[in-house]
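These notes concern the structure reproduced below.
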Amino acid sequence: MSRRGQCWDNAPTERLFGTLKSEWVPAKGYSEIEEARSDMTNFFMRYNRIRLHSYNDYLSPIAKELQAA
161 MSRRGQCWDN APTERLFGTL KSEWVPAKGY SEIEEARSDM TNFFMRYNRI RLHSYNDYLS
221 PIAKELQAA
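This is the structure:
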């Protein structure tokens, strides 16, 4: 949750969910909750381990975290 008057705190979360909705979730949604759960798990695994992020010098979040350590 963002602090009062700090709208930029929510920007990374808004970006994540915008990507999820525009690139991953089917236009007609899911027919079953288990299908949605499985697909969301696949999305987050891909997003954190494979997808390159320009903010992270075109590394995945996991790779950038390992580089920082």
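So the sequence shown is numbered by the numbering used here: it starts at 161 and just counts up by one.
For every residue, glycine included, the Cβ atom is placed at its ideal position computed from N, Cα and C.
Cβ neighbours of residue i in the same chain (closer than 7 Å, five flanking residues each side left out)
i      : result
Pro221 : Asn208 and His213
Ile210 : Ser220
Option nearest residue i by Cα separation, candidates the options
i      : options                           : result
Leu176 : Gly189, Glu225, Tyr215 and Glu192 : Tyr215
Arg206 : Thr173, Thr179 and Tyr190         : Thr179
Sequence-distant residues of the same chain with beta carbon closer than 6 Å to residue i, five excluded per side
i      : result
Trp184 : Phe203
Same chain, Cβ closer than 8 Å to residue i, five either side skipped, listed in chain order
i      : result
Asp217 : Lys224
Thr201 : none
Paired residues, beta bridge with residue i - DSSP
i      : result
Leu219 : His213
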